[in-house]
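A quick write-up on the structure given underneath.
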Amino acid sequence: MYSMKPPPENEIFISPITLASINTTNYEPAMKIARFHCNCKYLWLRELHGLSAFMMSNSLMEKIFWSIVITACAAYSIVNTTNILKEYGAEATTTLLTILPLDSIQAKQLKFPTMVFCPRNPDFINYYNVLEDMYNHLGYMENVTNFHILQYAMTGFGFDNANGDTFNETYKEKIRSYYLKWRDNRTQYEMFDFMYNKNGYTCMDLFQTCYGGSLTYNCCDIFQPTYAMLRGRCFRLVDDYYQNDTDEVSKVSIFFNNMTSPILNSGVLVKIATPGLFIIVRFQPQLVLYNGDSNVEVGIYPRYYLNSNDWNRVRYYQKSMILLPKSDGCSTDPIYQGKFTCFVYKWLMQLIDQYNCTVPYYKYTLPYLKDVPICEPDVIVDNFANISLTPSTIGYKCTPACSRIENTVQLTTSIDYDPDPSYMFRIEASFTYLEYEQYKEIRTTSTAGFISELGGQAGLFVGSSIMSFVQLFNSIFIQLYKLLRNYCNKKGIRVRLGLYKTHPTEPADKYYERDAALSDEPPYPLATIIEEEEQNIMDADELEL
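Residues are numbered in our numbering as their position in the sequence shown, beginning at 1, plus a constant of 142.
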């Protein structure tokens, strides 16, 4: 029999069973592990080429060389990364211009601008019906007085060019008393509705003929009534009208009837010959064209005056503006979305702030005027010089919408030397080509580009990537776990997360029971390993049996 001595107290006892349980077939040789221990233990060093070369350098000169290279590359990378971060934080932008032709059959059409046509003066009404109603309330009076009452009423509704504010104070008060007597028990809005909605000019009164290319349209099917700020009753092109071919092939041609202006002295006097006599009629001096949009508001700019018996040619050029919401030059507020929305809103807010009332023609078309009363005529007439001061005059600013469509107008006018006496105004309008310009504001550094630039700096100068940082944090977590485990083992607290396999350089009993790992005794009885020493039996020749 043989005997084994117990291991010394200052040596670590490793059970043979424990050693047998370790699978070492997948590990590198022990000498190789010992030589490159840092490279194996901290895997993230393999991702940093310069740092791994520094760690594996065997001479001081090599370490100094790699230290200089690593420091220079890291410094240059930090400077470039700082500049990239500043540029990304500043959100630098550029404008991308694209001309988009409408080539596809399904989309070979371009939405036509909202053309709004208004008589220059607000007195284009069925004044016979209006005067008859006035006679019923006031009795017979001279036409001059009747017309002055109508001028006072038009100015009181908030319409310019009626000259109801030009009377002296005494005569103005007299006309006011006549108007209130004529209004009787009706409200100010009911008077406005009676004069303009019920007795205002109609579509057939304004338009004579409408053409879309070679097609003849019913003008009343493509135009609808509206009201323009300070101007009066107008007609606007419907929102769903499209041009489906180029220029002359699909142009809009509109002929307008003679429009009377019987009340105001600024009208044009025209002699009309009838059998046996001449009739002198006063007509509207000009027709006003507004370049509008889909919103109900119609401001006072931009506008174009069309003279009677002139040939007017309008060419449109469309631009699509798509700006970033954070841009200082645009806004996403609903008040600023329309072409005239902000302009009219500022003007109405000025009116409300000063007089706590509004004009009747916007009362029931704009939701923010729902609870605002309508101004009495004397309020507007007495202060019309101040009320007609538009926001642009008194310094109000309107920021355009970030996403909008702009239609540029090019107007050509020529005298019509052979006019048809049946019409008074004439206009032709179209897009030259079925295309539009898109101005799109984009960031010079997108999120994807920002990540790419950062990765390029790190990869080019430092040789690192996302995986390098993953390996680094992984190594840090392992070291923290080791410190925590050792601390807990000393305190007698069992810690076993089971996240990492035992490395050959670590104790073999790392993941075994704490009692066995901390016990001064081996995990199995010594009798199973060390047998008791027996007496040797010798024969006569002193040979062991």
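For each residue, glycine too, the CB sits at the ideal point set by N, CA and C.
Since this is a predicted model, take the numbers as computed values, not measurements.
Asked	Found
Whether residue 521 touches residue 540 by CB criterion (9 Å)	no
Contact check, residue 433 vs residue 255, beta carbons under 9 Å	yes
Of the residues 380, 395, 344, the one placed nearest residue 353, counting alpha carbons only	395
Sequence-distant residues of its chain with Cβ nearer than 8 Å to residue 243 (five each side left out)	575, 576, 577
Chain-order list of residues whose beta-carbon lies under 6 Å from that of residue 264 (same chain, five-residue window excluded)	296, 301, 304, 374
DSSP three-state assignment for residue 335, whether helix, strand or coil	helix
Backbone secondary structure at residue 304 - three-state DSSP	coil
Neighbourhood of residue 567 by C-beta distance below 7 Å, restricted to the same chain and skipping five residues each side	398, 429, 448, 450
Residue span of the alpha helix (DSSP H) that contains residue 350, given as start and end	It is not in any alpha helix (DSSP H) - residue 350 instead sits in the beta strand (DSSP E) that spans 349–354.
Residue 580, DSSP secondary structure in three states	strand
C-alpha distance - residue 199 paired with residue 209, whole-angstrom precision	11 Å
Between the CA atoms of residue 345 and residue 320 - distance to the nearest angstrom	31 Å
Buried/exposed call for residue 621, threshold 16 Cβ in 10 Å	exposed
Rounded C-alpha distance that separates residue 203 from residue 630	43 Å
Residues that DSSP places opposite residue 454 in a beta bridge	555, 569
Where residue 113 falls: helix, strand or coil (DSSP)	This structure leaves residue 113 out entirely; the chain is present only between 143 and 687.
Continuous alpha helix (DSSP H) stretch holding residue 526: start and end	526–529
Nonlocal neighbours in the same chain, by C-beta distance under 6 Å from residue 338, ignoring five residues either side	375
Endpoints, the alpha helix (DSSP H) within which residue 325 is located	311–325
Burial state of residue 313, where buried means 16 or more other Cβ atoms lie within 10 Å	exposed
Assigned exposure category for residue 370 - 16 Cβ within 10 Å defines buried	buried
Residue 293 and residue 306 closer than 9 Å at C-beta	yes
Segment limits, alpha helix (DSSP H) that includes residue 298	285–298
Per-residue DSSP class, three states only, for residue 415	Because residue 415 carries a pLDDT of 45, less than 50, the predicted location of this residue cannot be relied on, and the following value inherits that uncertainty. Strand at residue 415.
Residue nearest to residue 477 in terms of C-alpha spacing, selected from 485, 453, 505	485
Beta-bridge pairing of residue 105 - partner residues as DSSP gives them	Here the chain covers residues 143 to 687 and nothing more, so residue 105 does not appear.
Limits of the alpha helix (DSSP H) - the one that residue 272 falls within	269–280
Counted within 10 angstroms of its Cβ, other Cβ atoms place residue 131 as buried (16 or more) or exposed	This structure cannot settle anything about residue 131, because the visible part of the chain is limited to 143 through 687.
6 Å Cβ shell around residue 633 - same chain, five flanking residues per side excluded	none
Among 584, 431, 542, 554, nearest to residue 257 - alpha-carbon criterion	431
Simplified DSSP assignment, three categories, for residue 360	coil
For residue 493 and residue 516, believed in contact at Cβ under 8 Å, the rounded distance	Contact flag wrong, Cβ pair sits at about 11 Å.
Simplified DSSP assignment, three categories, for residue 390	helix
For residue 405 and residue 465, the rounded distance between their alpha carbons	48 Å
Length of the line joining the Cα atoms of residue 83 and residue 381	A query on residue 83 cannot be resolved here, the shown segment of the chain reaching from 143 to 687 and no further.
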